[in-house]
Amino acid sequence: MSALLSADDLNDFITPGVACIKPVTNNSQPPTSTLNEHGEVEIQIDENGNPLEISKIDGKQTTLSPAQISLADCLACSGCITSAEEVLVAQHSHQELLKALSNRQEDMIFVASISHQSRASLATAYNLSIESVDRLLINLFINKLGFKYIVGTSLGRKLSLIQEASQLISQKEQGTLQTPVLSSICPGWVLYAEKTHPYILPRMSTTKSPQQITGYLLKTLVAAEEGGIGRNKIYHLSIMPCFDKKLESARPEIYGDPTPDVDCVLTAKELVTLFAEQDIDFLDDQVQKESIEDIDELYRRYAPSNWPYVEYSWSNDPGSSSGGYAFHYLKIYQYHLINTQPNVYHDDKFEIKLINGKNSDIYELRLYYDSKQIASSAVVNGFRNIQNLVRKLKPVESNGKSSTTTTRANPLAARRRARMANKTSASSGDIEIADASKCDYVEIMACPNGCINGGGQIMPPDKTQEKEWLNEVMAKYNSISMFDLPSEHRDDMEMLVKWSNEVLDCGEDGHDRVYKTYFNEVEKPTDPNAVLLGAKW
20 MSALLSADDL
30 NDFITPGVAC
40 IKPVTNNSQP
50 PTSTLNEHGE
60 VEIQIDENGN
70 PLEISKIDGK
80 QTTLSPAQIS
90 LADCLACSGC
100 ITSAEEVLVA
110 QHSHQELLKA
120 LSNRQEDMIF
130 VASISHQSRA
140 SLATAYNLSI
150 ESVDRLLINL
160 FINKLGFKYI
170 VGTSLGRKLS
180 LIQEASQLIS
190 QKEQGTLQTP
200 VLSSICPGWV
210 LYAEKTHPYI
220 LPRMSTTKSP
230 QQITGYLLKT
240 LVAAEEGGIG
250 RNKIYHLSIM
260 PCFDKKLESA
270 RPEIYGDPTP
280 DVDCVLTAKE
290 LVTLFAEQDI
300 DFLDDQVQKE
310 SIEDIDELYR
320 RYAPSNWPYV
330 EYSWSNDPGS
340 SSGGYAFHYL
350 KIYQYHLINT
360 QPNVYHDDKF
370 EIKLINGKNS
380 DIYELRLYYD
390 SKQIASSAVV
400 NGFRNIQNLV
410 RKLKPVESNG
420 KSSTTTTRAN
430 PLAARRRARM
440 ANKTSASSGD
450 IEIADASKCD
460 YVEIMACPNG
470 CINGGGQIMP
480 PDKTQEKEWL
490 NEVMAKYNSI
500 SMFDLPSEHR
510 DDMEMLVKWS
520 NEVLDCGEDG
530 HDRVYKTYFN
540 EVEKPTDPNA
550 VLLGAKW
């Protein structure tokens, strides 16, 4: 586990519970019973803290292996109550990466993918341009750590954006769209929903995140390029802005593929620790004062030769700093209408209007055609805003009451809310306030300000205000070259979809393996002691 990951780093941290309630699974092969050999036994701990199994008949002692819990086990447990699950991420740390590199087999190939937000964080921390940071990252992984390939996550992000919008549009046209559909790109939000609001799971989109799609593409294409080696011979490191991405990568697939798409996730903050502990000069004379070699040539050289649209892999997308899912749904829908009904819809009559919410972490986007609203989406960041949204979406029983248990109302708080509502109404007049619960689609991120403010991003130096620092990171993020698929490169968008369908054409399960995630309602603790000790949201 990274020493950097602590309660202080997490905006949503409460406290870990002590009870782990991983469900017991039945094994088709009955285990060898110690009871048959030594009769009734009991478990004791010796003076060194080692677990022992002791026979009550002959006193024979057997040393037991310590219990170990993986990240996948953690996802099945509701005993820990922080969305980052910070106590169980030892499998994804810079120490584990170094161990894998030092113990590498001759036929093992190391590959890396880098997120936009992490590049922006490093660029801000080292006061460099995005291009300089990309050169330094390529130099670090290729020349210093022995990686063979490195790509940006933008290709996976663009496929994720297209898949998300396509599903929404298809359901909208078929009349089966249950609004609002909630994004599932943020693993912190997904874990929160699974553990605390399972009634919301049917509303959640099943489209995978850019990290997971990139991981599948990278391992599959590298395996093909290297002569058809097994995907298990490829070690994929993902650099992400968020610790929760470690848990997302550990979520097991349900389509019979035991090989993970991502083997290790590190954050920008952990990379800095890696530099310090290993005495790595990240700047390295800023790669000999900036090589004259064109950056696009570097991108191409160190991507797999069969990696398509290399220019996409490091480019940015319009919309929010979390990927722009809300924005792209509307723009791709606009393109879809123009493309399928050219005699009805014309580009110059479309307009997207921004409707602000009660704070900067909520806003709504509405798509109008000829002054008529035809679609809407929203962005909701931060758990406080998320909680307000999911309360509005609670199912209602036939008696008109919420189907979930509610606490007794506080009359003083109710009167205060009423006064504030009246004051807001009087001051705002006819100004509309964004209401995400009434939109077609909601882009949801656990962190305030979205992924640009992820828990794994580099913290501001002393005497620098957090807001000022975040604005600088955002400016770096916005400096990444833009590749606006739905507005300026529509033909490329169609070619990208065609390529993905051809490469990934392996039946329905194959498509789902690449693009589809799933959700599980996590069983709540039944041990009353666990509840008393805090293992409860």
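Just so we're on the same page, the numbering used here is the position in the sequence shown counted from 1, plus 19. Built from N, CA and C at the ideal position, the CB exists for glycine as well.
Helix or strand or just coil, what does DSSP make of residue i?
i           : result
residue 115 : helix
residue 205 : coil
residue 466 : coil
residue 76  : coil
residue 390 : coil
residue 400 : strand
residue 171 : strand
residue 61  : strand
residue 83  : coil
residue 535 : strand
residue 160 : helix
residue 370 : strand
residue 363 : coil
residue 395 : strand
residue 522 : helix
residue 25  : Its pLDDT being 46, under 50, residue 25 is placed unreliably by the model, and the measurement read from it follows with that caveat. Looking at residue 25 - three-state DSSP - the assignment turns out to be coil, as it is neither helix nor strand.
residue 461 : strand
residue 271 : coil
residue 229 : helix
residue 196 : coil
residue 123 : coil
residue 346 : helix
residue 186 : helix
residue 294 : helix
residue 529 : helix
residue 329 : helix
Please name the residue or residues paired with residue i in a DSSP beta bridge.
i           : result
residue 335 : 501
residue 375 : 382
residue 254 : 129
residue 223 : 201
residue 283 : 256
residue 489 : Bridge partners of residue 489: none, in fact.
residue 323 : Bridge partners of residue 323: none, in fact.
residue 70  : 64
Report the CB separation of residue i from residue j in whole angstroms; it is logged as a contact under 8 Å.
i           : j           : result
residue 387 : residue 381 : That belief does not hold up - the Cβ atoms of residue 387 and residue 381 are roughly 20 Å apart, past 8 Å.
residue 492 : residue 397 : In fact, because the Cβ distance is near 23 Å, the residues do not count as touching under 8 Å.
residue 260 : residue 179 : Not a contact, Cβ separation roughly 16 Å.
residue 242 : residue 250 : 5 Å
residue 170 : residue 332 : 5 Å
residue 496 : residue 273 : With 8 Å as the limit, residue 496 and residue 273 do not qualify as a contact, their Cβ atoms being about 34 Å apart.
residue 500 : residue 350 : That pair is no contact at about 18 Å.
residue 456 : residue 199 : 6 Å
residue 289 : residue 231 : With 8 Å as the limit, residue 289 and residue 231 do not qualify as a contact, their Cβ atoms being about 20 Å apart.
For a quick check, are the C-beta atoms of residue i and residue j less than 8 Å apart?
i           : j           : result
residue 364 : residue 356 : yes
residue 207 : residue 280 : no
residue 187 : residue 459 : yes
residue 265 : residue 111 : yes
residue 335 : residue 502 : yes
residue 342 : residue 176 : yes
residue 174 : residue 236 : yes
residue 134 : residue 172 : yes
residue 150 : residue 344 : no
residue 464 : residue 400 : yes
residue 572 : residue 340 : Outside the displayed range of the chain (20 to 556) lies residue 572, so it cannot be described from this structure.
residue 71  : residue 77  : no
residue 370 : residue 453 : no
residue 293 : residue 530 : no
residue 147 : residue 120 : no
residue 540 : residue 213 : yes
Could you check whether the Cβ of residue i sits closer than 8 Å to any Cβ belonging to chain C?
i           : result
residue 303 : Included in the structure is just one protein chain, with no chain C present.
_Meets three-Cβ-pair contact criterion under 8 Å: the stretch 291-300 and the stretch 315-329_ = no
*Determine, using beta-carbon pairs with one atom in the stretch 279-298 and one in the stretch 469-479, whether at least three such pairs fall under 8 Å.*
yes
_Touching by the beta-carbon criterion (3+ pairs, under 8 Å), the stretch 506-513 and the stretch 155-162_ = The stretch 506-513, when compared against the stretch 155-162, does not touch it at the 8 Å Cβ threshold.
*Please confirm if the stretch 397-416 is in contact with the stretch 213-225, defined as three or more CB-CB distances below 8 Å between the two stretches.*
yes
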